[in-house]
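Residue numbers (this note's numbering): 7 to 434.
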Amino acid sequence: MVRAIVGANWGDEGKGKITDMLAETSDIVVRFQGGANAGHTIINEYGRFSLHLLPSGVFYHHTTSVLGNGVALDIEKFVKELKDIVSAGVPTPKILISNRAQVMMPYHVLFDSLEEARLAGKSYGSTKSGIAPFFSDKFAKIGLQVCELYDDQVLEDRLHKVVEIKNATLRELYHQPELQYEDLLSEMHKQRELIRPYLADTSKFLREALKEGKTILLEGQLGTMKDPDHGIYPMVTSSSTLAGYGAVGAGIPPYEIKDIVAVTKAYSSSVGAGDFVSELFGEEADELRKRGGDKGEFGATTGRPRRVGWYDAVASKYGCELQGATEVALTVLDVLGYLKEIKVCTGYEIDGKVTDEFPVTPLLNKAKPVYETLPGWNCDIRGIKNYEDLPENCKNYVDFIEKHIGTPITMVSNGPERHAILKRTPKI
Ligand code: GDP
């Protein structure tokens, strides 16, 4: 059985915590897209961790963690992250890396930074992890699959080709020093040894695991709004953030994905640029940002302050639908306990007309939020163990969101800790 855990919004919805929790009863956790550009915060008996590339199952001894073919594999970051968790006392996890994953090359990171600097104020808000140049090269067919690192002829030919192309751009567009073929080659010789022990045909491994009746979790990164096709293009990431892509990025049959958990946060937050209709500014925003998440709303990878706003039911409904969500986990509900009144964005006004359909980007730019105001519960709900014990206004808020997003909310998270999760019987 395959279950996907994916973001319904702009990312940072708390997927890491939900994956970590569900991994407890799963055999395999798979990352199927993205790279080390986003972070999942996990708090458990070993401490507080920001995982960027490692699947959130690495804290359990019974789980195998897989980096699928769809991942942007930054070898040095992988090695460092693994070393960091092991030195924090986590037992060495079982990890497999797809031999078809593509390798994040040192020049991808360089080009990401150079392009952001060139675009200056008009940048896309990249985390400068090399993601956009990496995926451009993958689809331009000048990338390198991990398996190709071990074939000297293929590696050398590809690097010669790449150096020629990259150096032309470095010279003409960025006016920077050129790449040296020999340096690059010896760097890749070094890097290939670091991951040799983890390589496997992970697609075959997963297909066999399915035949044996194993439970597999697909762990998504970012959320629907950052999908290159269905998100707020061009302020998106470069690989699909949708559960459907899990089949491609992990190499499993699409019909095996039986359960799709869309994670959505009880208010909105977004890192990077792009239209954000229900965004808050000034003191109201500062207050929410300070109280948000488990340590305030600051990016797990970059430390950048996240933009925050009221819950956007228009974006979330769309977000859940595009994910094909079968259920929803509503997270970080406890953070709203300080508010006397809470607004929810239930419509967008575009050119004088109100809609609850999420528009294409040029229209999103014109959208003004239409809010409904609900009474807050004005108390701390952390530590509550049964959903029914939540304050009435809090349950009404959850019911209201469920009605507007049209997908059953089955889990409500009321604290960052692994077990701070309340099971809820959906009303739709
Ligand atoms: P991800 O990328 O979707 O995994 O999300 P992040 O880990 O970047 O952001 C979620 C943040 O919210 C992290 O700081 C989590 O520790 C925190 N978090 C998750 N669930 C809850 C919750 O129910 N309550 C609170 N207060 N924090 C939570």
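Glycine included, C-beta positions come from ideal geometry on N, C-alpha and C.
Computed from a predicted structure; not experimentally measured.
Take K167, set aside five residues on each side of it, and the residues of its chain with a beta-carbon closer than 7 Å to its own are I148, in chain order.
Counting only runs of 4 or more residues that sit fully inside the segment 383–423, the alpha helix (DSSP H) segments are 398–411, in chain order. By the Cβ criterion, the segment 254–273 is in contact with the segment 329–343, since at least three pairs of Cβ atoms, one from each stretch, lie closer than 8 Å. At least one heavy atom of the ligand GDP lies closer than 6 Å to the C-beta of S419.
The residue among G389, H67 and S276 with its C-alpha nearest the C-alpha of G95 is H67. Secondary structure of D157 (DSSP, three-state): coil.
The beta carbon of G53 lies closer than 6 Å to those of A94 in the same chain, with the five residues before and after it left out. Counting the other CB atoms within 10 Å of its CB gives F65 a total of 16 or more, which places it among the buried residues. In this model, P139 and S132 are separated by some 11 Å (Cα to Cα).
In the DSSP assignment, Q39 forms no beta bridge with any residue. P234 and D292 have their C-alpha atoms roughly 30 Å apart. For the pair E82 and K89, the Cα-to-Cα distance works out to about 11 Å. Residue ranges of uninterrupted beta strand (DSSP E) with 3 or more members, entirely inside the segment 248–326 and ordered along the chain, are 263–271, 274–276 and 313–315.
Contact annotation: the segment 25–42 does not touch the segment 292–306, with fewer than three C-beta pairs closer than 8 Å. D118 is the residue among E19, D118, A146 and A126 whose C-alpha sits nearest the C-alpha of S135.
Within the model, the alpha-carbon separation for K264 versus L223 is close to 11 Å. In this structure, DSSP gives G53 an extended state, which the three-state scheme calls strand. Nearest Cα to T70 within the set A29, V85, L59 and A14: A29. The shortest C-alpha to C-alpha distance from C326 to any of G250, D207, C385 and R310 is the one to G250.
A distance of 7 Å or more separates the beta carbons of M241 and G305. If you look at Q227, you'll find it in the beta strand (DSSP E) that goes I222 to G229. In this structure the segment 148–166 lies against the segment 183–192, because at least three pairs of beta carbons, one per stretch, are closer than 8 Å.
Relative to the ligand GDP, the beta carbon of K196 is positioned no closer than 6 Å to any heavy atom.
Between G255 and Q108, the C-beta spacing is not below 7 Å.
A distance below 7 Å separates the beta carbons of G13 and G226. By the criterion of a C-beta distance shorter than 7 Å, S322 is surrounded in its chain by A14, N15, T270 and I411, once the five residues flanking it on both sides are discounted.
In the three-state DSSP reduction, L345 falls in the coil class, being neither helix nor strand. Under DSSP, H46 shares a beta bridge with L57. The Cβ-Cβ distance between C351 and D405 does not fall below 7 Å.
The C-beta of N43 has 16 or more other C-beta atoms within 10 Å across all chains shown, which makes the residue buried. The segment 412–430 makes contact with the segment 389–401; the number of CB pairs closer than 8 Å reaches 3 or more.
In the three-state scheme derived from DSSP, where H, G and I count as helix and E and B as strand, R430 is classed as coil. A distance below 7 Å separates the beta carbons of G382 and K346. For the pair E262 and M7, the Cα-to-Cα distance works out to about 6 Å. In the DSSP assignment, the residues bridged to E333 are V267. DSSP places K359 in the uninterrupted beta strand (DSSP E) bounded by K359 to T361.
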